[in-house]
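What follows is a single structure, written as structure tokens, with notes after it.
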Amino acid sequence: MEITSNPTTSWSDFYEMCKPRVVMLMILTSLVGMFLAVPGMVPANILIFGNIGIALVAASGAVVNHLIDHKIDVVMKRTHNRPLAQGRVDAKRAIVFAITIGVAGMAVLLFLVNPLCAWLTLASFVGYAFIYTGYLKHATPQNIVIGGLSGAMPP
Numbered sequence: 001m002e003i004t005s006n007p008t009t010s011w012s013d014f015y016e017m018c019k020p021r022v023v024m025l026m027i028l029t030s031l032v033g034m035f036l037a038v039p040g041m042v043p044a045n046i047l048i049f050g051n052i053g054i055a056l057v058a059a060s061g062a063v064v065n066h067l068i069d070h071k072i073d074v075v076m077k078r079t080h081n082r083p084l085a086q087g088r089v090d091a092k093r094a095i096v097f098a099i100t101i102g103v104a105g106m107a108v109l110l111f112l113v114n115p116l117c118a119w120l121t122l123a124s125f126v127g128y129a130f131i132y133t134g135y136l137k138h139a140t141p142q143n144i145v146i147g148g149l150s151g152a153m154p155p
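Structure, rendered in structure tokens:
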């Protein structure tokens, strides 16, 4: 990864790599699933920590997406201004950031929610970050249909 870093890297660049609008949509589907899964009210700790963990792992997957696609992003009109494509964030920092928020999210889910939620979220992460981004996106025009499964997966 020969991406170079600009000394003006800011937290907004890291925030942008997390794809916050996409993560918010995932949290919306998570909330709907939580409320449909239990009779009555979802316990507050599950509601709060479940969504924090899911958001962190989803954001980590988004950063991995930026890392995998940085060479393509440079030449695409829609993505050429992304932080990695512009060199505002270097690959090493992006990797450390993705690992940090991904591990934090998994820890929240594993220790403050439940192991099933953690494992299902990990499966969604692998599906999006590696199967969809790393392979399907470049292999078939049906990538969005197949890759949509990872976004629709529980929890």
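Residue 8 in this note's numbering sits at position 8 of the sequence shown, with consecutive numbering throughout. We treat Cβ as the ideally placed atom computed from N, Cα and C, and that holds for glycine. Note that the coordinates shown come from a computational prediction; the quantities given were computed from them, not determined experimentally.
message = Quick check on DSSP: helix, strand or coil for PRO20?
response = For the purposes of this step, residue 20 is taken as the residue at position 20 of the sequence shown. PRO20 falls in the helix class under three-state DSSP.
First and last residue of the uninterrupted alpha helix (DSSP H) at LEU47: What you label residue 47 is simply residue 47 of the sequence shown in a count that begins at 1. LEU47 -> alpha helix (DSSP H) spans 44 to 75.
_Own chain, CB closer than 8 angstroms to ALA55, minus 5 neighbours either side, in chain order_ = In the sequence shown, the residue the question calls residue 55 occupies position 55. Contacts found: VAL23, MET26, ILE27 and GLY105.
- Task: Kindly give me the distance between the Cβ atoms of PHE125 and VAL57, rounded to whole angstroms, as I take these residues to be in contact under 8 angstroms.
- Result: Within the sequence shown, the letter at position 125 stands for residue 125. Within the sequence shown, the letter at position 57 stands for residue 57. Confirmed, about 5 angstroms.
Excluding the five sequence neighbours on either side, which residues of its own chain have a C-beta within less than 7 angstroms of the C-beta of ALA94, listed in chain order?
Position 94 of the sequence shown, counted from the start, is the residue given in the question as residue 94. Around ALA94: MET17, VAL63, HIS66, LEU67 and LEU84.
### Task
Let me know if THR121 comes out buried or exposed under the rule of 16 or more other beta-carbons within 10 Å of its beta-carbon.
Within the sequence shown, numbered from 1, the residue matching residue 121 stands at position 121. It counts as buried.
message = Rounding to the nearest angstrom, what Cα-Cα distance links GLY53 and ALA107 in this structure?
response = For the purposes of this step, residue 53 is identified with residue 53 of the sequence shown, where counting begins at 1. For the purposes of this step, residue 107 is identified with residue 107 of the sequence shown, where counting begins at 1. Near 8 angstroms, if we compare the C-alpha coordinates of ALA107 and GLY53.
Review point. Sorted by chain position, which residues of the same chain lie with C-beta nearer than 8 angstroms to ILE99's C-beta, five sequence neighbours on each side aside?
Key: Looking up residue 99 in the sequence shown gives position 99. Hits under 8 angstroms: SER60.
**OP:** In angstroms with no decimal places, state the Cα-to-Cα distance between ASN114 and GLY50.
**Re:** Taking the first residue of the sequence shown as position 1, residue 114 is located at position 114. Taking the first residue of the sequence shown as position 1, residue 50 is located at position 50. Their Cα atoms are separated by approximately 9 angstroms.
Compare the beta carbon distance of ARG82 and ASP90 with 8 angstroms and say whether it is the shorter of the two.
-> As a working note, residue 82 is residue 82 in the sequence shown. As a working note, residue 90 is residue 90 in the sequence shown. No, the pair does not count as a contact, with Cβ atoms beyond the cut-off.
(Q) With distance defined between alpha-carbon atoms, name the residue in LEU136, MET41 and ARG88 nearest to SER10. (A) Here the question's residue 10 lines up with position 10 in the sequence shown. It is ARG88.
I need the boundaries of the alpha helix (DSSP H) containing THR100, first residue and last residue. As a working note, residue 100 is residue 100 in the sequence shown. THR100 -> alpha helix (DSSP H) spans 91 to 112.
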